[in-house]
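Novice: First, the structure itself, so that you have it in front of you.
Protein chains: 2
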Amino acid sequence: MNFTLNILGTASALPIVNRHPSAQVLDVRGRLFLIDCGEGAQIMMRRMHLSFLKLDRIFISHLHGDHCFGIFGLLSTMGMLGRTAPIHIYAPEKFSSILKSFMEHFGDGLRFGIEHHPLVTDEPQTVFSSKSLEISAFPLNHRIETFGFLFREKTPAPNIRKDALEKYGLTLAEIGALKRGEDITRDGATIPNGELTYIPYIPRSYAYCSDTAPFPELAQWVEGVDLLYHEATFPEEMTELAAATAHSTTVQAAQCASAARVGKLLIGHYSSRFPDAGFFLDEAKKIFPNTELTEDGMKIDLPLCHGER
Amino acid sequence: MNFTLNILGTASALPIVNRHPSAQVLDVRGRLFLIDCGEGAQIMMRRMHLSFLKLDRIFISHLHGDHCFGIFGLLSTMGMLGRTAPIHIYAPEKFSSILKSFMEHFGDGLRFGIEHHPLVTDEPQTVFSSKSLEISAFPLNHRIETFGFLFREKTPAPNIRKDALEKYGLTLAEIGALKRGEDITRDGATIPNGELTYIPYIPRSYAYCSDTAPFPELAQWVEGVDLLYHEATFPEEMTELAAATAHSTTVQAAQCASAARVGKLLIGHYSSRFPDAGFFLDEAKKIFPNTELTEDGMKIDLPLCHGER
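Protein sequence lines, in the order shown, are assigned to chains A and B.
Numbering-wise, the first sequence is residues 0 to 308 according to numbering that gives the first Met the number 0.
Numbering-wise, the second sequence is residues 0 to 308 according to numbering that gives the first Met the number 0.
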């Protein structure tokens with residue numbers, strides 16, 4: 000039941016020693032979701048012991064090379080490993096012609112389907128839903144069409160409280176109704192579901208926002224997530240350059256986290272001007288204390304918090 | 000006056016931890032030549048302190064992804080660094096449509112020209128020549144059109160022997176003639192150039208052969224080079240698989256080196272089945288003792304050997 004974010008790359012446009020371009024893998028209960036795929040993502044996946052077999056959905060925020068040039072090697076490697084299971088790529092519309100060119104030149108021998116799900120939305124939109132997880136995409140504010148992604152566990156079915164089982168001698172039909180979230184009725188009186196059940200665990204959530212200039216709606220779209228990754232390409236003193244390039248500063252990332260009242264803020268996508276981004280953390284923490292710097296190879300685990308029993 | 004080979008990647012099709020796909024940089028007197036450009040080449044160049052500014056010629060042996068997927072990130076990075084000097088890419092003909100697709104999708108903002116020199120030859124052919132260096136391409140024997148490359152320093156102009164200067168009291172005109180390689184005449188008698196001059200240094204040479212099955216002409220085409228890189232994807236026991244995939248074994252690489260009487264053999268492009276390729280060396284050395292295993296990050300220097308003074 001893990002929910003673990005793996006940081007493959009923390010560089011912005013220019014990779015430097017020990018900083019690969021943007022790529023992350025969110026591991027939700029053993030199923031892997033790749034978020035952006037900068038050059039070297041497949042090598043970092045191997046280094047971090049993340050199996051290609053467990054990956055079938057890839058999310059590309061935008062079509063700048065530092066967020067997608069690793070896709071070619073990754074797809075080729077999957078092909079050479081004999082993959083037959085289809086792979087789903089959520090990416091801006093224009094990715095289709097990139098994929099077409101890739102298939103023309105390098106697609107021979109790939110024995111799996113690649114389905115491109117074009118991202119076209121100007122507000123949060125669900126793009127994937129399973130029994131336990133919902134993934135939505137929302138627009139960011141960058142120089143080209145760019146999307147953020149929100150991964151949210153679904154609220155689990157309630158469990159029956161042990162004391163309620165004993166007190167009311169619940170029937171199987173009543174237990175079924177409670178599991179479906181319904182109240183039950185005894186002698187004409189309603190007993191609310193919440194008195195008899197508890198949520199077995201608190202659903203976890205992660206939002207990924209790279210690359211973007213600040214904009215008003217963002218905090219509301221990622222409100223209350225447990226973990227927010229927000230790019231912080233520049234320190235505060237470079238606010239003008241951040242605006243000119245449609246990026247964010249440390250302070251702006253922290254302001255978004257604060258306005259959205261998230262659990263924890265991760266920053267990354269550091270300008271190559273700053274091989275040591277230590278002071279980025281100090282700047283962000285002044286606004287939002289629970290901030291952490293990402294580094295290539297880092298794992299951030301969101302442990303399961305059990306509900307009231 | 001250095002002549003140094005930098006190994007950026009030694010993996011075959013599937014990269015593994017600590018083995019990037021194929022890429023090398025030959026540094027000839029401070030000028031860099033990139034040979035193949037697998038994914039991660041730009042990151043390895045940074046790690047090995049190889050300046051993008053000193054690189055203006057790239058040689059792509061063939062259009063399998065593990066030999067060229069790094070080109071997109073490298074070109075983009077050069078663009079972001081503000082490069083204006085043109086870059087020359089020597090690659091098979093089909094590279095032109097890959098380049099076209101790249102430029103369509105990712106070429107905005109590149110302020111330098113990219114000239115593709117298509118490789119079309121069935122025998123060794125000079126593709127580049129400068130005052131001191133000649134580079135030729137020759138076909139290899141792989142599943143798709145593939146080329147090897149030979150880098151050879153030109154024979155330097157002869158220096159005048161000090162003892163000859165004194166003995167003959169050479170005039171400026173005679174010195175000029177000797178520098179051009181001509182003999183001189185005194186009182187009707189010819190004094191051969193070789194008696195009055197010496198070659199200041201022995202020209203150095205490097206040949207790159209990846210990927211290829213063995214074929215008869217190859218040893219002759221790389222005959223006598225100081226340094227030969229020859230792929231050895233498989234150990235001897237996998238000779239059949241090597242043939243089926245148009246690759247070479249350790250023994251076949253060493254046989255080529257032996258037949259070509261090269262100075263030193265480097266092997267690489269190891270199958271991912273063998274994270275430890277130590278026994279590859281033992282197999283090759285039985286045939287050609289002066290063999291070395293390449294590893295990512297390795298530098299091999301060919302020192303300048305002075306001629307007779």
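No residue lacks a Cβ here, since even glycine has one placed at the ideal position from N, Cα and C.
(1) Measure the Cβ-Cβ separation of V261/B and L240/B and say whether it is below 8 Å.
(2) Leaving out the 5 sequence neighbours to the left and right, which residues in its chain are closer than 7 Å to S247/B when beta-carbon positions are compared?
(3) Where does A188/A sit, in a helix, a strand or coil, going by DSSP?
(4) Where do the N-terminal and C-terminal ends of the alpha helix (DSSP H) with T125/A fall, by residue?
(5) According to a CB-to-CB cut-off of less than 7 Å, which residues of the segment 21-52 of chain B neighbour chain A?
(6) Hey, quick one: how far does the beta strand (DSSP E) through C304/B stretch, first residue to last?
(7) Count the C-beta pairs between the segment 28-37 of chain A and the segment 51-60 of chain A that are closer than 8 Å, then say yes if the count reaches three, no if not.
(8) Using the rule of at least 16 other Cβ atoms within 10 Å of the residue's Cβ for burial, across every protein chain shown, is I97/A buried or exposed?
(9) By the 10 Å Cβ neighbour count, where 16 or more other Cβ atoms means buried, how is R28/A classified, buried or exposed?
(10) Hey, quick one: how far does the beta strand (DSSP E) through C36/B stretch, first residue to last?
(11) Answer yes or no: does any C-beta atom of chain B fall closer than 8 Å to that of T83/A?
(12) Check whether the Cβ atoms of P117/A and P157/A sit closer than 8 Å, and answer yes or no.
(13) Consult DSSP for S95/A and reduce its assignment to one of helix, strand or coil.
(14) Determine, using beta carbons only, whether G108/A comes closer than 8 Å to chain B.
(15) Once you ignore the five residues that flank R30/B on each side, which residues in its own chain have a CB closer than 7 Å to its CB?
(16) Is L195/A helix, strand or coil by DSSP?
(17) Nearest chain B C-beta to H268/A closer than 8 Å, yes or no?
(18) Taking only three categories from DSSP, how would you classify I70/B?
(19) If the criterion is Cβ atoms closer than 8 Å, does the pair I42/A and I86/A meet it?
(20) What would DSSP say about G78/A, mapped onto helix, strand or coil?
(21) What does G267/B pair with, by DSSP beta-bridge criteria?
(22) For chain A, is any of its Cβ atoms less than 8 Å away from the one on G72/B?
(23) Between S332/A and the rest of its own chain, which residues show a CB-CB distance below 6 Å, the 5 nearest in sequence each way excluded?
(24) Which residues bound the alpha helix (DSSP H) around S257/A?
(25) Which residues mark the beginning and the end of the beta strand (DSSP E) in which F309/B is found?
(26) What is the rounded straight-line gap between the Cα of T238/A and the Cα of L164/A?
(27) Take S131/B as the anchor and find which of Y89/B, K153/B and N140/B has the nearest alpha-carbon.
(28) Exposed or buried, which one is A256/A when buried takes at least 16 other CB atoms within 10 Å?
(29) Quick one: grab the DSSP three-state call for T238/A.
(30) Spell out a yes or no on whether the segment 8-19 of chain A and the segment 6-23 of chain B are touching, meaning 3 or more CB-CB pairs, one atom from each, closer than 8 Å.
(31) For F68/A and F51/B, which I take to be in contact (beta-carbon distance under 8 Å), what is that distance rounded to the nearest angstrom?
(32) With distances taken from CA atoms, which of R160/A, H61/A, L301/A and E181/A is nearest A136/A?
(33) Strictly below 7 Å CB to CB, what residues from chain B border V16/A?
(34) With a threshold of 8 Å between beta carbons, is H104/B in contact with chain A?
(35) Apart from the five residues on each side of it in sequence, which residues of its chain come closer than 7 Å, Cβ to Cβ, to F287/A?
(36) Rounded to a whole number of angstroms, what is the C-alpha to C-alpha distance between M297/B and P199/A?
Specialist: In short:
(1) Position 262 of the second sequence, counted from the start, is the residue given in the question as residue 261/B. Position 241 of the second sequence, counted from the start, is the residue given in the question as residue 240/B. No, the Cβ-Cβ distance between V261/B and L240/B is not below 8 Å.
(2) Working through the second sequence from its first residue, we reach residue 247/B at position 248. The residues are T211, A212, P213, H229, E230, A231, T232 and A241.
(3) In the first sequence, residue 188/A corresponds to position 189, counting from 1. Strand.
(4) For the purposes of this step, residue 125/A is taken as residue 126 along the first sequence, with counting starting at 1. From DSSP, T125/A is part of no alpha helix (DSSP H) but of the beta strand (DSSP E) over Q124 to S128.
(5) E38, G39, Q41, I42, R45 and R46
(6) On the second sequence, position 305 is the one that residue 304/B refers to. No beta strand (DSSP E) contains C304/B, which DSSP labels as neither H nor E.
(7) yes
(8) On the first sequence, residue 97/A is found 98 positions in, with the first residue counted as 1. Result: buried.
(9) For the purposes of this step, residue 28/A is identified with residue 29 of the first sequence, where counting begins at 1. Burial call: exposed.
(10) Translated into positions along the second sequence, residue 36/B becomes position 37. First-last of the beta strand (DSSP E) with C36/B: R30 to C36.
(11) Counted from its first residue, the first sequence places residue 83/A at position 84. So, not an interface residue.
(12) Residue mapping note: residue 117/A aligns to position 118 of the first sequence, counting from 1. Residue mapping note: residue 157/A aligns to position 158 of the first sequence, counting from 1. Contact flag unset, no.
(13) Within the first sequence, numbered from 1, the residue matching residue 95/A stands at position 96. Correct three-state label for S95/A: helix.
(14) Taking the first residue of the first sequence as position 1, residue 108/A is located at position 109. Judged by the 8 Å Cβ criterion, G108/A is not in contact with chain B.
(15) Within the second sequence, numbered from 1, the residue matching residue 30/B stands at position 31. The residues are K53.
(16) Residue numbering aside, residue 195/A sits at position 196 when the first sequence is read from its first letter. In the structure shown, the three-state DSSP call for L195/A is helix.
(17) On the first sequence, position 269 is the one that residue 268/A refers to. Not an interface residue.
(18) Along the second sequence, one-based indexing puts residue 70/B at 71. Helix, per DSSP.
(19) Position 43 of the first sequence, counting from 1, holds the residue named residue 42/A. Position 87 of the first sequence, counting from 1, holds the residue named residue 86/A. No, they are not a contact pair.
(20) Within the first sequence, numbered from 1, the residue matching residue 78/A stands at position 79. G78/A: helix per DSSP, three-state reduction.
(21) Locating residue 267/B in the second sequence gives position 268, where the first residue counts as 1. Paired residue(s): E230/B.
(22) For the purposes of this step, residue 72/B is identified with residue 73 of the second sequence, where counting begins at 1. G72/B counts as touching chain A.
(23) Nothing about residue 332/A can be read from this structure; chain A reaches only from 0 to 308.
(24) As a first step, residue 257/A is located in the first sequence; it is residue number 258 there, counting from the start. From DSSP, the alpha helix (DSSP H) with S257/A extends over T249 to A258.
(25) In the structure displayed, chain B extends from 0 to 308; residue 309/B sits before or after that span and is not available.
(26) Here residue 238/A refers to the residue found at position 239 of the first sequence. Here residue 164/A refers to the residue found at position 165 of the first sequence. When rounded, the distance between both Cα atoms is 59 Å.
(27) Along the second sequence, one-based indexing puts residue 131/B at 132. Considering only alpha carbons, the answer is K153/B.
(28) What you label residue 256/A is simply residue 257 of the first sequence in a count that begins at 1. Per the 10 Å Cβ criterion, buried.
(29) Locating residue 238/A in the first sequence gives position 239, counting from the first residue. Note: T238/A maps to helix in three-state DSSP.
(30) no
(31) Indexing the first sequence from 1 puts residue 68/A at position 69. Indexing the second sequence from 1 puts residue 51/B at position 52. That belief does not hold up - the Cβ atoms of F68/A and F51/B are roughly 16 Å apart, past 8 Å.
(32) For the purposes of this step, residue 136/A is identified with residue 137 of the first sequence, where counting begins at 1. For A136/A, the nearest C-alpha among the options comes from H61/A.
(33) Taking the first sequence and counting its residues from 1, the one referred to as residue 16/A is at position 17. The contacting residues are R45 and R46.
(34) As a first step, residue 104/B is located in the second sequence; it is residue number 105 there, counting from the start. Judged by the 8 Å Cβ criterion, H104/B is in contact with chain A.
(35) Position 288 of the first sequence, counted from the first residue, corresponds to residue 287/A. Around F287/A: A253, A256, S257 and L264.
(36) For the purposes of this step, residue 297/B is taken as the residue at position 298 of the second sequence. For the purposes of this step, residue 199/A is taken as the residue at position 200 of the first sequence. Straight-line Cα distance between these residues: approximately 54 Å.
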